[in-house]
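For reference, the structure discussed in these notes is given below.
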Amino acid sequence: MPMWLQALLWGTLAGGALVLGAGIAWVWKVPPKFVSTVMAFGAGVLISALAFELVDEAVEGGGLVPTVLGFLLGAVIFVGSNVLLARAGAKHRKRSSGPQPSEKESPGSGTAIAVGALIDGIPESVVLGVGLLAGGGVSPAMLAAVFISNVPEGLSSTAGMKKAGRSPAYVFGTWTGIAVFSGLAALIGYTALENAPGSVIAFITAIAAGGILAMLADTMIPEAFEEHHNLTGLTAAVGFLSAFTIHHVGG
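As structure tokens, then:
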């Protein structure tokens, strides 16, 4: 199978976890504590993956300076985007029990929530495509990290959307669209950087890593702590060690 097609398929599969989570939340009422447990675990998995799969490999492949600059830029881009989206009504887009506004309460919030979810997912998908350049195959740890973190995001956000009165067409249209865009982002990550020098690949990879870490701190971890409280840190630590183990066994 051509590598570009692998990038497209792996990115779409990882994004499809959002649709899976959305379907579960739409059909069943999932206990918030369960969602927060999986979310805390997923946050730990992502932290491990961005440390060992992204930042460490970016430094080895392209040097410290491009990695540091890219990481800071990624964090700034995400935080700046998140501030703008929060003002547009997407502040609580990952909340299952929090105050997600309805379209009537906050016109345009539906679009903001969809854009916010897309911004959350793009960095993760890009690095799946970029990872194919270095290893010749998808990283099991990174794929697991993105998939595991996307399921509770789809669960939690969809529960909040449902409470806010959003239609099935909006909910599943949003997540399906993001899954497709995730595949395209992974494809672009692979094809656009196929012949790029190591410093450029390191810079782009670090941008994604910085954005992911900022996303975790701004959205996933606060939502996990909302319900899970004292066990959030332990659950995240278990997720970190799980991804760390996969990284070493797979490597």
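Read in order, the letters of the sequence shown are residues 378 to 628 in my numbering.
Glycine is no exception: its CB is placed at the ideal position from the N, C-alpha and C atoms.
Check, Outcome
"For L423, which residues from the same chain have a beta carbon less than 7 Å from its beta carbon, with the 5 sequence-adjacent residues on both sides left out?", "A522, S526, I589 and L593"
"On the CB-based measure, 16 or more other CB atoms within 10 Å of its CB, does G500 come out buried or exposed?", "For clarity, residue 500 is Pro in the given sequence; the question names Gly instead. Burial call: buried."
"Report the rounded CA-to-CA distance for S486 versus H625, giving the unit in angstroms.", "Reliability fails at S486, whose pLDDT of 48 lies under 50, so the model's placement of it is uncertain and no value is given."
"Can you give me the C-alpha to C-alpha distance between E480 and R543, rounded to a whole angstrom?", "The pLDDT assigned to E480 is 48, lower than 50, so where the model puts this residue is not dependable; a value taken from the coordinates is nonetheless given after this. Their backbone Cα atoms lie some 8 Å apart in a straight line."
"Using the Cα positions of T551 and A620, report the straight-line distance between them to the nearest angstrom.", "28 Å"
"When DSSP labels each residue in this structure, what does M538 get in the three-state scheme?", "helix"
"Rounded to whole angstroms, what is the Cα-Cα separation between I598 and P529?", "12 Å"
"Do you know offhand how far I496's Cα is from M519's?", "18 Å"
"Could you name the residues of the same chain whose beta carbon sits closer than 7 Å to that of I578, not counting the 5 residues immediately before and after it, in chain order?", "G438, G439, V507, L510 and L570"
"For A435, tell me which candidate among L462, A601, I623 and S576 has the shortest Cα-Cα distance.", "S576"
"For P574, name the three-state secondary structure that DSSP assigns.", "coil"
"Note down the Cα distance separating I454 from A591, rounded to an integer number of angstroms.", "9 Å"
"Suppose you measure from the CA of A562 to the CA of T389; what does that come to, to the nearest Å?", "9 Å"
"Note down, one range per segment and in chain order, each beta strand (DSSP E) of at least 3 residues found wholly within the stretch 423-455.", "none"
"Taking Cβ to Cβ, would you say T612 is nearer than 8 Å to A417?", "yes"
"Can you list, in chain order, the residues of its chain with a C-beta nearer than 8 Å to that of L505? Leave out the 5 residues immediately preceding and following it.", "A384, W387, G388, A391, V515, S516, M519, L520, V523, A563 and G566"
"Report yes if the CB atom of I555 is closer than 8 Å to the CB atom of G451, and no otherwise.", "no"
"Secondary structure at S544, three-state DSSP: helix, strand or coil?", "coil"
"Can you tell me whether M378 is buried or exposed? The criterion is at least 16 other CB atoms within 10 Å of its CB, across all chains shown.", "exposed"
"Excluding the five sequence neighbours on either side, which residues of its own chain have a C-beta within less than 8 Å of the C-beta of W381, listed in chain order?", "L564, Y567 and T568"
"Report the three-state DSSP secondary structure of K406 (helix, strand or coil).", "coil"
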